[in-house]
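When the letters of the sequence shown are read in order and numbered with the numbering used here, they come out as residues 721 to 908.
Virtual Cβ for every residue (Gly too), placed ideally from N, Cα, C.
A short worksheet on the structure shown next.
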Amino acid sequence: MFRLDKQRVKLSSVNPRAELHGDDTEPACDLKFKFTASNAVLDMFDDRLRQTFFDAPRADGLDVDLAEQGTDHDADYRPLLRFREIPTIPWAYQGAGYRLEIDQGFSGKENIYLIKTEIDKFKFVPKEGGSVEVEFRVIAHPNAEDFGSLCMLIQQEIDLTLVPPSPEERAQMEFDDAMGDEEQDEAA
């Protein structure tokens, strides 16, 4: 399951909008994030992705950069890009109930905390050398103060933590969704 712990990311954009909840509108926004990490990040989505898009070095070491020669790597080390022809890989992962934290200082008092966020619209750009650029969207419902702070961070590098819901929280969300569906059926 996708999660980040104080990952250095770029907040690419903040898109304000409103969502309809019945007859009411609720302020919302789409946050787009981008970061580059080791291709091991792909394992959070599917443990076959890394081996699909990257190769391990040959045993004779002839296909490894001189700077990498003699370096000890784990058995899953795969720095060689297999398909240069594929520029971007869309990934359909969606997650709900995530907690988001943007680190804003030493005390934590200025940090931005958003709960019950949704994540989706993932894109991967594999890079030669064993890294991957990851882009994704977070759907959030910030208050006015947090919204202003988010807008001030557009195009800035920030430390982002994303925590998926616990199994208990996921079970509660599924229960709440089922109860909401039953209430809608009864109203119809």
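Using DSSP with H/G/I as helix, E/B as strand and the rest coil, what is Phe722? If you number the sequence shown from 1, residue 722 lands on position 2. Coil.
Give the straight-line distance between the Cα atoms of Glu805 and Ser758, rounded to the nearest whole angstrom. By 1-based counting over the sequence shown, the position of residue 805 is 85. By 1-based counting over the sequence shown, the position of residue 758 is 38. Rounded to the nearest angstrom, the two C-alpha atoms are 20 Å apart.
Taking 8 Å as the cut-off, decide whether the C-beta atoms of Asp840 and Arg857 are in contact. Within the sequence shown, numbered from 1, the residue matching residue 840 stands at position 120. Within the sequence shown, numbered from 1, the residue matching residue 857 stands at position 137. For the pair Asp840 and Arg857, the CB atoms are nearer than the 8 Å cut-off.
What ranges does the beta strand (DSSP E) occupy inside the stretch 815–903, keeping only unbroken runs of at least 3 residues that lie completely in it? 815–823, 832–847, 851–860, 877–883
Is it true that the stretch 844–852 meets the stretch 756–776, where meeting means three or more beta-carbon pairs spaced less than 8 Å apart? yes
Rounded to whole angstroms, what's the CA-CA distance from Phe774 to Leu724? Just pull it up for me. As a working mapping, residue 774 is identified with position 54 in the sequence shown. As a working mapping, residue 724 is identified with position 4 in the sequence shown. Their Cα atoms are separated by approximately 22 Å.
For the candidate residues Leu801, Asn863, Arg798, Pro884, whose alpha-carbon lies nearest to that of Glu838? If you number the sequence shown from 1, residue 838 lands on position 118. Minimum Cα distance to Glu838 is reached at Pro884.
Per DSSP, cross-strand counterpart(s) of Phe755: Residue mapping note: residue 755 aligns to position 35 of the sequence shown, counting from 1. For Phe755, which the question treats as bridged, DSSP gives the partners Val854.
Helix, strand or coil: which one does DSSP assign to Asp763? Translated into positions along the sequence shown, residue 763 becomes position 43. It is helical.
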